[in-house]
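So the structure is just underneath, and the comments pick up after that.
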Amino acid sequence: MPFSTFKRSVRIERPAATVFAWHERPGAFERLMPPWRRRGRFVHWEHRHYFESTPDGACVLTDEVSYRLPLGALGRVAGGALARRELARLFAYRQAVTKADLETTARYLSVRPMCFLIAGASGLVGRALIPFLRTQGYTVVRLVRRPAAGVDEVSWDPAAGRLDAQAFRGVDVVINLAGEGVADVRWSTERKKALLRSRVESTRTLVNAMGALARGAPFVFISASATGIYGDRGNETLTETSAPGAGFLAGVCEAWEREALAAEALGVRVVRLRTGIVLTPAGGVLAKLLPLFRLGAGGRLASGRMWMSWIAIDDLVGAIYHAVLDRRCDGALNAVAPNAVTNAEFTRVLAQVLRRPALLPVPAAGLRVALGEMADETVLASARVVPGKLKGADYSFRHATLTEALRHLLGRA
Numbered sequence: 007m008p009f010s011t012f013k014r015s016v017r018i019e020r021p022a023a024t025v026f027a028w029h030e031r032p033g034a035f036e037r038l039m040p041p042w043r044r045r046g047r048f049v050h051w052e053h054r055h056y057f058e059s060t061p062d063g064a065c066v067l068t069d070e071v072s073y074r075l076p077l078g079a080l081g082r083v084a085g086g087a088l089a090r091r092e093l094a095r096l097f098a099y100r101q102a103v104t105k106a107d108l109e110t111t112a113r114y115l116s117v118r119p120m121c122f123l124i125a126g127a128s129g130l131v132g133r134a135l136i137p138f139l140r141t142q143g144y145t146v147v148r149l150v151r152r153p154a155a156g157v158d159e160v161s162w163d164p165a166a167g168r169l170d171a172q173a174f175r176g177v178d179v180v181i182n183l184a185g186e187g188v189a190d191v192r193w194s195t196e197r198k199k200a201l202l203r204s205r206v207e208s209t210r211t212l213v214n215a216m217g218a219l220a221r222g223a224p225f226v227f228i229s230a231s232a233t234g235i236y237g238d239r240g241n242e243t244l245t246e247t248s249a250p251g252a253g254f255l256a257g258v259c260e261a262w263e264r265e266a267l268a269a270e271a272l273g274v275r276v277v278r279l280r281t282g283i284v285l286t287p288a289g290g291v292l293a294k295l296l297p298l299f300r301l302g303a304g305g306r307l308a309s310g311r312m313w314m315s316w317i318a319i320d321d322l323v324g325a326i327y328h329a330v331l332d333r334r335c336d337g338a339l340n341a342v343a344p345n346a347v348t349n350a351e352f353t354r355v356l357a358q359v360l361r362r363p364a365l366l367p368v369p370a371a372g373l374r375v376a377l378g379e380m381a382d383e384t385v386l387a388s389a390r391v392v393p394g395k396l397k398g399a400d401y402s403f404r405h406a407t408l409t410e411a412l413r414h415l416l417g418r419a
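For the sequence shown, this note's numbering assigns the number 7 to the initial residue and increments by one for each residue that follows.
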């Protein structure tokens, strides 16, 4: 029975040997797996990479797939066009990531080998960051809350303040992403305590362990925070120098950042990463919205006038990496895209990318009934945040507009 063939090529301004080496590194498989990817129904699949050197020293990367659908000729007729569209989406995404990651490698080419120690490695951001760092050629050690399973893991217990200072030997960069999910469950008094405690305890444990190291402390500590520190600020434009706002989340972020700042006394550069709404279908806000919007049942929230300061997951990873390497990224750092949008604009663009209507607004009262106190501090809060320091440090955004970010993330480029 004959096979069908799909082929797609992209030019990458790097030597073919460099492109080949990138594909061989740990983490490449994870980097190339789209967050929206579903398991394909193929009875045969053979994927080949071709790395062709060009006369001017670049590389043409070609992905070629031989495949066969079930049900023979009937399968080709009934599902052939859909299969080709899905393959086009898949490899457009994969090749865009490959090209952009290798451009990042070229941009920071003179960087020495480094070891990263990461807390919160199993979370949404950590799962994207670690494969990126490994394909860039770095060593990554993960902090885990169980017995370590290998040399790339270190066990810790932040609730008990337990972390052996020897874990920092040979470590150049510490990245703290640990903390309970803000919107995972409805807030109660106990849940709010857990949100604060998980952030303060993990950060304090890291700083105390760094302080117990006699010498050779990491040169930079990237500690997560959030744009929630600014509170609900309406149409005000918020920079890294803007004052903190009011409310529970603002207070949590302030306490979180205070713990991180203690590392400055150890001679460590501290970056307080004020992250906006992270966009990826793998989790977070976008993952929650997609089922409704795909059904055509989405719409703006309340008035829709609230500002949403968002960032695509690959730009958050890129911003973290840039902050490690550029000393201009010091202190508070707004990790957001340069073009915040209102909630009405966000829902309009998401529906447009999905080719669905967005005609069913959700009233504020309904959100307060469903989410309680959390509604006013999250989905109904307005924060128009700008990435002043990232722009000042010449960070180049992969996805500066919401439309291009969603098209890439959802395979609609």
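In this text, a Cβ means the ideal position worked out from N, Cα and C, and glycines have one as well.
As a beta-bridge residue in DSSP terms, Leu307 pairs with Val368. Distance from Ser208 to Ala184 at the Cβ level is roughly 4 Å; contact confirmed, criterion being Cβ atoms closer than 8 Å. A direct Cα-to-Cα measurement between Val188 and Thr195 gives close to 13 Å. Between Ala381 and Arg418, the alpha-carbon positions lie close to 31 Å from each other. The Cβ atoms of Pro21 and Cys65 lie closer than 9 Å to each other. Comparing alpha carbon positions, the residue from Leu75, Glu92, Asp321, Asn340 closest to Thr110 is Asp321. Relative to the Cα of Ala387, the nearest Cα in the group Arg333, Gly240, Pro287, Arg413 belongs to Gly240. In the DSSP assignment, Glu58 falls within the beta strand (DSSP E) that extends over 50-59. For the set Leu135, Asp400, Asp163, Ser116, the Cα lying nearest the Cα of Phe122 is the one of Leu135.
Scanning its chain for C-beta atoms nearer than 7 Å, with the 5 sequence neighbours on each side dropped, one finds around Gly302 the residues Arg362, Pro363, in chain order. Ser309 and Glu260 have their C-alpha atoms some 29 Å from each other. Per DSSP, reduced to three states, the secondary structure at Tyr401 is coil, with no helix or strand assignment. For the options Ala318, Asp62, Arg404, the alpha carbon positioned closest to that of Leu285 is the one of Ala318. For Trp316, the number of other beta carbons within 10 angstroms of its own is at least 16, and it is reported as buried. Note: Val284 is bridge-paired with Ile317 in the DSSP secondary-structure output. For Ile124, the enclosing beta strand (DSSP E) stretches over residues 121-125.
Between Lys395 and Asn340, the C-beta spacing is below 9 Å. When C-beta atoms of the region 141-158 are compared with those of the region 215-231, fewer than three pairs fall below 8 Å, so the two segments do not count as touching. Where Ser128 is concerned, there is no enclosing beta strand (DSSP E), because DSSP gives it neither an H nor an E. Proximity to Ile181 across Leu202, Arg203, Phe225, Arg168 peaks at Phe225, based on C-alpha coordinates. The DSSP-derived three-state label of Asp163 is strand. Under the three-state reduction of DSSP, Leu279 is assigned to strand. A direct Cα-to-Cα measurement between Leu377 and Leu255 gives close to 15 Å.
An exposed status is given to Phe26, since fewer than 16 other beta-carbon atoms sit within 10 Å of its beta-carbon.
DSSP, reduced to helix, strand and coil, places Ser72 within a strand of the structure shown.
Where Ser208 is concerned, the enclosing alpha helix (DSSP H) starts and stops at 195-218.
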